[in-house]
Every structure is written in C-alpha cells, then in structure tokens.
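Visitor: If you're matching them up, the sequences are chains A, B, C and D in order. Each position in the first sequence, counted from 1, maps to that position plus 31 in the working numbering. Each position in the second sequence, counted from 1, maps to that position plus 31 in the working numbering. Each position in the third sequence, counted from 1, maps to that position plus 31 in the working numbering. Each position in the fourth sequence, counted from 1, maps to that position plus 31 in the working numbering. This is the structure I want to talk about, given as structure tokens.
There are 4 protein chains.
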Amino acid sequence: MSKIEKNNTTATLLMHCPDKQGILATVTRFININGGNIVYLDQHVDREENIFFMRVEWELANFTIPREEIEPMFDRLYAQKYNMYFRLYFSDYIPRMAIFVSKMAHCLYDMLARYTAGEWKVEIPIIVSNHPDMREVAERFGIEYRYIPITKENKAEQEALTLELMKEYRIDFIVLARYMQILSENFINSFPHRIINIHHSFLPAFVGAKPYHAAYERGVKLIGATSHYVTTELDAGPIIEQDITRISHKDPVSNLIYKGRDLEKLVLSHAVEKHIQRKILTYHNRTIVFT
Amino acid sequence: MSKIEKNNTTATLLMHCPDKQGILATVTRFININGGNIVYLDQHVDREENIFFMRVEWELANFTIPREEIEPMFDRLYAQKYNMYFRLYFSDYIPRMAIFVSKMAHCLYDMLARYTAGEWKVEIPIIVSNHPDMREVAERFGIEYRYIPITKENKAEQEALTLELMKEYRIDFIVLARYMQILSENFINSFPHRIINIHHSFLPAFVGAKPYHAAYERGVKLIGATSHYVTTELDAGPIIEQDITRISHKDPVSNLIYKGRDLEKLVLSHAVEKHIQRKILTYHNRTIVFT
Amino acid sequence: MSKIEKNNTTATLLMHCPDKQGILATVTRFININGGNIVYLDQHVDREENIFFMRVEWELANFTIPREEIEPMFDRLYAQKYNMYFRLYFSDYIPRMAIFVSKMAHCLYDMLARYTAGEWKVEIPIIVSNHPDMREVAERFGIEYRYIPITKENKAEQEALTLELMKEYRIDFIVLARYMQILSENFINSFPHRIINIHHSFLPAFVGAKPYHAAYERGVKLIGATSHYVTTELDAGPIIEQDITRISHKDPVSNLIYKGRDLEKLVLSHAVEKHIQRKILTYHNRTIVFT
Amino acid sequence: MSKIEKNNTTATLLMHCPDKQGILATVTRFININGGNIVYLDQHVDREENIFFMRVEWELANFTIPREEIEPMFDRLYAQKYNMYFRLYFSDYIPRMAIFVSKMAHCLYDMLARYTAGEWKVEIPIIVSNHPDMREVAERFGIEYRYIPITKENKAEQEALTLELMKEYRIDFIVLARYMQILSENFINSFPHRIINIHHSFLPAFVGAKPYHAAYERGVKLIGATSHYVTTELDAGPIIEQDITRISHKDPVSNLIYKGRDLEKLVLSHAVEKHIQRKILTYHNRTIVFT
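Take a look at the structure:
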C-alpha cells in the first residue's frame, strides 16, 4: 500500500486560531523560507466566530527543517503566540482503520472495494462485529474478523476487550458501518473525533432507531443519510457529509430501506475518504471539510 | 385566462377507497361505456394500508352523462359500495387562489411571474399581508393588495376580517408565501387541506422559527425547504414537496438565508402547481402526488 | 436464490400498442374475470406517437388460466386485434446474467455485493473479460471467470467463442461493466436490447473514448454517466438511466475519473435492477422505465 | 443601490500567473504591510498547466496606498516579474448591466426580482429586445426598454445601433436572457468575456437550436441548462454554471420546455451573480469560479 516515494513525501498542517491580520502570510512564509514547496493550501475565516482555519500541504524534499523538528518548532514559534490549535501529518504514515459492523454488508463492501482497489491510503487490519454474519465478507477480502457478541450483561467487558484490540492493532480511527450498538462514553472518549458513524437519515431529522420508518410515517419526499463523528450525545456529533434521494408515495418502508443503502454507503465512504486525506477540522461541533 | 375551448373540457376524478379486486376496471369501464375518452390515468395501491388511489381524467366532448349528473351518479353507483372518497373537478372551472405574504418578495415574484405568463390555470384576485411592504409588488402585477396588520390584541378580529375577504373573493385555496403569522385553528379548519405553506427547512428537521439559524448551529451540509398543507399542528401537515441544496462551512447564516430563497420559491411554486392541477390526494397526513 | 414460494408466483405483462379507447379496461378485465389479483399496474400514453404502454403484474394463485396458455390466449384474443407488442414473464423464472469486464473493479463490486446480499432476483453464472485482472474479484465471490483475450486478428473468433459460452450458460442478458471492447453487429443482434452498457458521460455529450478528458477540456461543471441498451450505433442506444455529479475547477482529470466511478456504478446497477425487474419497455430508441 | 459605506470599501484582485514558489506569500504580504485587512482569499493551482489563480479582497479603510495608485504599483512591482494577468475592482463601483431578451419572461423576472429586492450590487439601466413583447415586464420594474427589431437585411446596422446604446448607457456587461439572435463577431469582441448567455441544454450536448426537442428525440433522462460567456464559436464559450433536472418517459417536449425554465432562470441568475461579485476568472476557455 505504501508505495509513495520518499521524495514525494509531504507534510500537512491542519490548524485553527483566532483570526489575526497576517496569519496566512506568516505560516506560508515559514514554509517558503525553509524550502517547502506548497502543493495545497486552503483556508477559511469564520467571520462570526472570528476563527481562521487552514490546511496547507508542502513537499519535504527540499525542506530544510528535519521532520521531527517541524512540530516543536511550529509550536514554539507560532502556536502559543497565535493561540493556535494544530495537527501535523506526514504522507508516508498510512493511518490504520478498524471497521465495526453488525449484519449489513453494503457499507462494508463499498469500503473494501475501494480499499482493495488501492483508492485509499489506509490500512484496514481488522473488522469487529457483534454478530458473526459478516465474517464471510471479511474473509473474501482476507481481513481479520473478530466476533465480539454483546449483551446487556457483558457490554462493559466486551468494550474493554475491544479497546484492547484497538491498541493491539494500533488503530487510529474507527468506522461504524451500520454498527447497531451504542458505544459507551468511555469508549468514545478514547477516540475523540476519530469514530465515524453513518446514520440513515438527514440529521437532525429522525435521530435514533428506525429512521426510515419514521420518515415513512411523516410522509417526507426525500430520505437522507448523514455521516458524523461520534460524540457522547446520540447522533449529535459534528456532521461530515450528508446526501439525500427522492422518494414518492409509491415507496413503502422497504423501498426506503433499500434506496437508503446507496446513500449510506456513498455518504460514509466519502466521509471516511476526507478523514483519511486529513481534510477535516472540527470546531464547536461543526466541521470544516476542505475540498 | 379561461381560454380552454368547450370541446376540450375534461373531468378529473380523484379518489381513494379500500383496495378491492376490479375497482380500476369498474371505474374505467364506467367512463368508457359512457363515451369518455381517458386522457390521463394514474393509480397507486398502498399495500400496507390496503388503499387504492386513482386520478383519472377524461374528455367530456362525447361523454353521454351530463356534467352535473356525473357526481351524483358516481356517488350512487360506486362511492357507497366501495366506501370511496372522491372529488370531481372540471377543467373549465378556474380555481381562485389568495396569496398571504409578509415582507419577503421572492416567492411572490416567482408565482406572479408564472401567473402572468399564463403558466397556471388559476385566478389570483387578492394578496393579503400583515405588512405594507409588498404592496408595490402587487401593484406591479395589478393585483389587489389588502394590508391587514395583526397584533396580539386584534388577531381574532383580523382573522375574521380575512375570512370574510376570502368569502367575498370566492377563494378556493390559500398560499402562504413566507407569511410570518400562525393561523388559528378556526381559520385552518375553514380551508382544510387548502392552505399551502412553505417552511424553510427539510421538515421534520428544524420545525418552528429561525430554521436557518438552527441549521447553521447544527452544522448540516444540506439545507432544505418543505411545502405542506397547513394543519393545526405547527409545520406538521402533509408534505407536498421538498428539496435541498448543498452548503459548506464557508456559508454563514446569511448565505443559508440567501441560498434558501431559491429553494423556497421553487418548492412552493411546484407544490402550488400540483394543487392547481388537481394532482394531490391526502391520506393519513401523507400526500399522493400524481405525476 | 429461488426462494419465491409457489403461491406467490406472479405473471408480468409488458406491452405497447396504438392507443385505443378501452384498452386498459379490456386487459385488466381479462385478468380480473379469470381470477388474477393485480398487484402492480402502471401505464403510460405517449400522446405524440399515440402509443399505449403498460406493465401489469398479477398473482397466479387463483388465476384460472394455466400459465402456459396465458401467452397464446392473450395473443389470440388481443395482440392481433390491437396490433400489440407484448412480453410475458413469470416471477419464478430467475433470469441469467453475464458480466463483461475489462480492468476496472468498481461496477463489478457494486453488482456482486448486491447479488450476494440477495437483493437481485438474478443468477450470475459467469464473468467474461478480455483481461486477466478481475479474476481475483470473481473468485472472491465464487463466480466462474473466463479470460478471452482479444486482438484485432482474433476478434471474430473470440466473439464466436463468447457467443457459444453465452449459449452454454443459458445467458438471458449481458452487462458491460466498463468493458473496453466494441461488440460486433452480429454479437449485438444476438442480444437485441439485452446488452446493458455504462458510458462514463451524460450522453449524448462525449460519445466514444476518453469522455472525462473531453469533459475536462470543455470545462463542464457537471460530469455524468449513462446506462443504455447497446445497439449497433456506438453509445447511441436507448438510455435507461443517467445521473451527474458536480465538479469544479479544482478537479483535474484524475478527479473526474475518480468521482465518476461512483456515478458509473450506481447508474449501471440501477439500470440492471430495472431490467431484472422487467420494468423497461423500449420504443423508437427511447425507454419507458416503470417505477 | 450604492449604500455601501465608504469605510467598508474593499479592493478585489483577480489574478493568474505561472505558478512559482512564494507568489501567495508575496501578494498577501504586500497587502498586509500596507495595512490592508484581507476579508477574502481563495486561490487555486492548476497543476497540469502550472498556473496559479487567486482572488483576494481587502478593506481599504487603513490601506496606506491610495486607491488610484494600487493598480500601477502592483503592475510595476509584480505583474511583469511574475508574468501576471490581473484585474482590480473596487466595491464602491456598481457595475452596469444590460439585459437582452426576446419573447420569454422567466429569466427576466428572476433577475429583476433579485435586482429590485436589492440582492445584486448592479445597475440595470436598460433592457434590449428584438421583439416588443417584454416591454410590459420592463415597465413593471421601471426599466428603459429598447425595441430593436432585427431582420437579415438590417442586422449589421441594428447591431451598430445597439453598440452605441451600450456606450451611451456605459454598460459593463450584457446578459442574454433567452435572446434568440446570434451576435456578430464584431459585437462579441466588443465585450470579451462580458456577455453571459443561457443555453437550454447541458452543453456540449445539444448545441444550437431546439435543444429540448433534440433531448426528447434522444430519450435522455436528464435535461440541463448551461450558462457561459459568449465567444465567437456558437455555444462553445467558457462554462460558468450548469444544472440538470430529472425527466421521464412521461414528459413530452412541452414538459421539457416547461421544466427547463426553472433550470434556465436559476442557472443564469447564479452565473450573473458570480460575475457581479467578481468571482470568475477565465483561462483557456474554462472558468475558475471562486466560492
């Protein structure tokens, strides 16, 4: 998977701070004078909150600062001065992702098809499920499948076990591909803004269970799907991506469920892709998704 | 407006009843054997509720039953036997519509542009408002504008006055084009499923006031608009039409409001159009919108 | 796969004929008086060509005409009288589909995921390719993969071989899932309106090779995909389904290709689904796709 | 219209040049060190052509360089050095727009509704038409209407007359709102990339006359509209905006024409809006449309 040549390695800086005149010029100048060739820059100023957001990516080939010193240097020079939050990523580190799934295959297939086609710079070493059903799919793609059944009684210890597994497999982020379990606060806090869920409605409409049934009852003309980071409040985390499709009176609930699958799989995959590409910043329960 | 030639006059039957084998054949046969040439037929069976819905339109030119006898005859022959709800419309009756508006012009312009271009078979004899602002627009199109200011104190009597006006102008249905007043139960019940509202969100998300602000707060990636029949529960009536548009982190609330206008005007106009064309049936707080 | 219970077997009639008063009543009456319970009916009248189209499906459980006699009886009673084209299908016959593929996996995965999830009432006994690349995918799903390399020199005989294979596997229709070979007239005529292709543009724009490059050159703001029946004129057959996605100046050709994949796979799968469901009629190089 | 306060006046720079390390930092630094507060910055690098594009907007309130000296200074300091194309605009200059129209009102109404609602920072002093039909609409909005009938014989002199009129009214750019005349090369060259047209198809499909009829014939499932700058090649100029809507076999040509109107008016208005906001750059027959 990691066929990126050394010479093309890039550093990506994701940051936000209170907006101040000259911040963009300062950061880009820092990269430029140290020999970094910027290959991507996108920024956004939230004029209501007065916050400056930026994603900038530059080639390390002729960058004069050693990679392990970039972060401390940046921290020393700017972070405190500008009251800046930032994250630094290197393109030759391939993030490691776990998929949690229950009984439905559509999101799983969509992601694994992209993964095996080499479309995503990610490693997927493990699939976790509270049901045995998807083992066959995992095996088709040669990915470790761990069946961890959950009951009311064993939930806490099974979660502990799962957390262990995440550590063991050095998992960076988790994708809930129609995983029908509510994670505990403890679990969620172990992966802050690093658990991506797909909810089968255009949130905030139809929070919780059986959203397609609720949509049918309400008589909506559009159904949707929403991918978001999981927070401790159910279906209320920062939204990454949403989409809808048109339905009509001719569609019974079973059609909504069926049509919704295409929405769910694309919305989830597109959100995961943006996460892998380090293109998402969160702020006050909202996301900045750079293009 | 009423340039429909006598010879082309059609009758339109909108109906629903418990589904029964042969109901479609029975009704179409009734039309056929009496010399009616069917120019439109669409039907739908709700298999969960087991209800049959149909819209059928036929030319009256060679129809042997006099138009004033169709309804009683149909009632006698079928309605009771099949426990049928039905409405009969003739194409040479031009329905009369009132527009209620507050301070925003976009929906008003969109409808009046279609109206004056002759796209809608409707008469719009009057525009009612709780503000004087839109008088100029009404005058541009030569339509009577009635300014009926509403305060907490005078609301009941002003509504009574408005109802009188509706009677005087023989209004068949009312369109709320961003009318910022909540109608009383009494008023709504005077026009059951004959008041069309536009709400500036994809209902049931963001019911009530300031939905764009709420959408911004929640960080959604899509904003929507919903046209529905007004019932006594706020923003909860049968949905006729919905649409959405994509937004991003770059859009402050003011942009949502601005982008939303195009949604609102098209969604409302499309809903009104379907109503004018007698293409909507309601059942259990949901709509069947024939194409 | 064929877990449909005998009792629920239905017959589906797809037909068109010159429009005539009473045709709908006649056909539905025929079904009704012989004990058939209609579970689906949709019809359409093309008022410009004056053609009546219908799809009607009824349960055979209490139908008094033996299934093998329905077609001849219908032919005798109505087809000639009304100058009618019709096809009759029984729901307990599972159509057999072959997939032709070259080197790209996305459409293949999307279809096989639906297939193995049991979403489609179809059998896919074979995948044919002019390249060996997709063998691994086929094997993952346990489907026979036949590698039939094609050069200018051997094209005719390889096609003959392929046709033999289609016969051997009793293939009803073929899906070209980004199959990068132009089929001969002879081959196409062996499967009239039974070969479904996906073209990676919104036809008729960008016919032929490299449509994404052409789209980039032209500077379009939308890219599309089109599924159509293959006819002997390149990319000019009856269109079944189309969709588009938005692009911007930020998207180089490689992005168009990448974004286009999601379009291609959904548009193709939706078209194949409609074909499997016997919901498509073609007339004068256009399709009627019943909902 | 020009209610922008002096203090809030901004300068907007639109530019492109061969990409070079440091160009972004250089320009933003120039603005910063001279006291300009940047309120908008968006840039794009075309990596295939290796061209850097930028739109930057800053407040003039504390900018130390007098406004009339910005352009020459920028030219002297950077334009030649970087082989840069640039345009400078000030927010207190309200651009002047002419609308050319033939017989259809929908685009005209949509633009005039936005204009009179104060949504667009533009002046529309004149509407030109080769037909008298739209005079009434123009009068409704109190805008000068000039009827300039065109025949094969008088085309050249009528165009000369029209050009005179544009000069007299100091017109900056022209919007063809379904104007059914082909402009001469001479006329087009007088307004390079300053004539915006709406074509009623998703270009490059269905170039030329009667695109809806052609779309119907081809049996497409989507119809579109395209707004573009007019160049001397018919319907081949740089595309600004496109959109589509779904149709089905149920839609005769008349429906395509009708449904297309909503597309046309929104696509055109959105394109005009971007032009007014100085958010469009063109390069090699393609547009960069900043968000």
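Virtual Cβ for every residue (Gly too), placed ideally from N, Cα, C.
Starting from B:T318, trace the beta strand (DSSP E) both ways and give me its first and last residue.
Guide: Unbroken beta strand (DSSP E) run through B:T318: 317-320.
Visitor: Using alpha carbons as the reference points, say which of A:T43, A:F84, A:L55 lies closest to D:F363.
Guide: In the structure displayed, chain D extends from 32 to 322; residue 363 of chain D sits before or after that span and is not available.
Visitor: What are the complete beta strand (DSSP E) segments, minimum 3 residues, inside the segment 134-164 of chain D?
Guide: Here the runs fully enclosed are 154-160.
Visitor: Quick one: Cα of B:V303 to Cα of B:F204, how far?
Guide: Each residue's Cα considered, the two are about 10 Å apart.
Visitor: Closest by CA to C:N161, which one among C:W151, C:Y176, C:T147, C:A148?
Guide: Closest option to C:N161, Cα to Cα, is C:Y176.
Visitor: Just curious, the alpha helix (DSSP H) that C:G250 is in, first and last residue?
Guide: Taken as a continuous stretch (DSSP letters only), C:G250 belongs to no alpha helix (DSSP H), as it is neither H nor E.
Visitor: Is D:G239 near the ligand HEM, with its Cβ less than 6 Å from a heavy atom?
Guide: The ligand HEM is not part of this structure, which contains no ligands at all.
Visitor: When you compare the segment 116-124 of chain A with the segment 40-52 of chain A, are there three or more beta-carbon pairs, one atom per stretch, that lie closer than 8 Å?
Guide: Taking 8 Å as the limit for Cβ pairs, the verdict is that the segment 40-52 of chain A does touch the segment 116-124 of chain A.
Visitor: Looking at C-beta atoms only, is the number of pairs between the segment 228-242 of chain A and the segment 286-303 of chain A that lie closer than 8 Å three or more?
Guide: Yes: the two stretches touch, three or more of their Cβ pairs being nearer than 8 Å.
Visitor: Output needed for A:L45: all residues of its chain with C-beta closer than 7 Å, excluding positions within five of it in sequence on either side, in chain order.
Guide: These residues qualify, in order along the chain: R86, F117, R118, R309, L312.
Visitor: Would you please verify whether the beta carbon of D:L297 is less than 7 Å from any beta carbon of chain B?
Guide: Closer than 7 Å to some Cβ of chain B, the Cβ of D:L297 qualifies, so yes.
Visitor: Does chain A have any CB closer than 7 Å to the CB of B:I82?
Guide: It does not: the Cβ of B:I82 has no partner Cβ on chain A nearer than 7 Å.
Visitor: According to the Cβ coordinates, are C:Q111 and D:L253 closer than 7 Å?
Guide: No, these two residues do not count as a Cβ contact at 7 Å.
Visitor: What distance in whole Å lies between the Cβ atoms of B:K134 and B:L164, which are believed to be in contact at a cut-off of 8 Å?
Guide: One detail in the question is off: residue 164 of chain B reads as Asp in this sequence, not Leu. Yes, B:D164 and B:K134 are in contact; Cβ-Cβ is about 5 Å, under 8 Å.
Visitor: Tell me which same chain residues have a C-beta within less than 7 Å of the C-beta of D:R145, skipping the five on either side of it?
Guide: Hits under 7 Å: W151, S300.
Visitor: So is B:Q52 in contact with chain C if we call contact Cβ pairs under 7 Å?
Guide: It does: the Cβ of B:Q52 has a partner Cβ on chain C nearer than 7 Å.
Visitor: Just confirm the distance between the C-beta atoms of B:Y289 and D:Y140, as a whole number of angstroms; I'd bet it's less than 8 Å.
Guide: Not a contact, Cβ separation roughly 18 Å.
Visitor: Confirm, please, whether the CB-CB distance from B:V238 to A:I270 is below 7 Å.
Guide: It is not a contact, given that the beta carbons lie outside the stated cut-off.
Visitor: Taking the DSSP output, what are the residues bridged to D:G255?
Guide: Answer is D:I275, bridged to D:G255.
Visitor: Quickly, what does DSSP pair D:V206 with across the bridge? List them, please.
Guide: Answer by DSSP bridge pairing, in chain order: D:I130, D:I227.
Visitor: What residues from the segment 257-268 of chain D come within 7 Å of chain C, judged by C-beta to C-beta, listed N to C?
Guide: From the segment 257-268 of chain D, no residue has a Cβ closer than 7 Å to chain C.
Visitor: I need the boundaries of the beta strand (DSSP E) containing A:I82, first residue and last residue.
Guide: 82-90 is the extent of the beta strand (DSSP E) around A:I82.
Visitor: Pull up the distance between the alpha-carbon of D:K51 and that of C:S285, whole angstroms please.
Guide: Roughly 23 Å separates the two Cα atoms.
Visitor: Below 6 Å CB to CB, which residues in the same chain sit around C:D73 once its five sequence neighbours on both sides are set aside?
Guide: Within the same chain, C:D73 has close Cβ partners R86, F321.
Visitor: Alpha carbon to alpha carbon, what distance is there between B:M115 and B:G268?
Guide: Going by the C-alpha atoms only, they are around 23 Å apart.
Visitor: By the DSSP assignment, the beta strand (DSSP E) with A:E175 in it spans what residues?
Guide: Per DSSP, A:E175 belongs to the beta strand (DSSP E) from 175-178.
Visitor: Would you say C:V303 lies against chain D (beta-carbon separation less than 7 Å)?
Guide: So, not an interface residue.
Visitor: Using only alpha-carbon positions, find the residue among D:E88, D:A246, D:A208 that is nearest to D:N63.
Guide: Nearest of D:E88, D:A246, D:A208 to D:N63, Cα basis: D:E88.
Visitor: According to DSSP, D:T43 sits in a beta bridge with which residue or residues?
Guide: Note: D:T43 sits in a beta bridge opposite D:E88, D:Y120.
Visitor: Which residues, in chain order, does the segment 268-283 of chain D contribute to contact with chain C at a C-beta distance below 9 Å?
Guide: Hits within the stretch, in order: P269, I270, I271, E272, Q273, D274, I275, R277, S279, H280, K281, P283.
Visitor: For C:T193, which of helix, strand or coil comes out of DSSP?
Guide: If DSSP states are grouped into helix, strand and coil, C:T193 belongs with the helices.
Visitor: Which residues, in order along the segment 124-145 of chain B, keep a beta-carbon less than 9 Å from a beta-carbon of chain D?
Guide: Against chain D - using a Cβ distance shorter than 9 Å - the residues of the segment 124-145 of chain B are M135, A136, H137, L139, Y140, D141, L143, A144, R145.
Visitor: When you compare the CB positions of C:I130 and C:A187, do they come within less than 7 Å of one another, or not?
Guide: No. Outside cutoff.
Visitor: Can you tell me the Cα-Cα spacing of B:C48 and C:A256, whole angstroms?
Guide: Those two C-alpha atoms are separated by around 41 Å.
Visitor: So, does the CB of B:N68 fall closer than 7 Å to a CB anywhere in chain C?
Guide: So yes, B:N68 belongs to the interface.
Visitor: Under a three-way DSSP split, which group does D:H244 fall into?
Guide: Note: D:H244 maps to helix in three-state DSSP.
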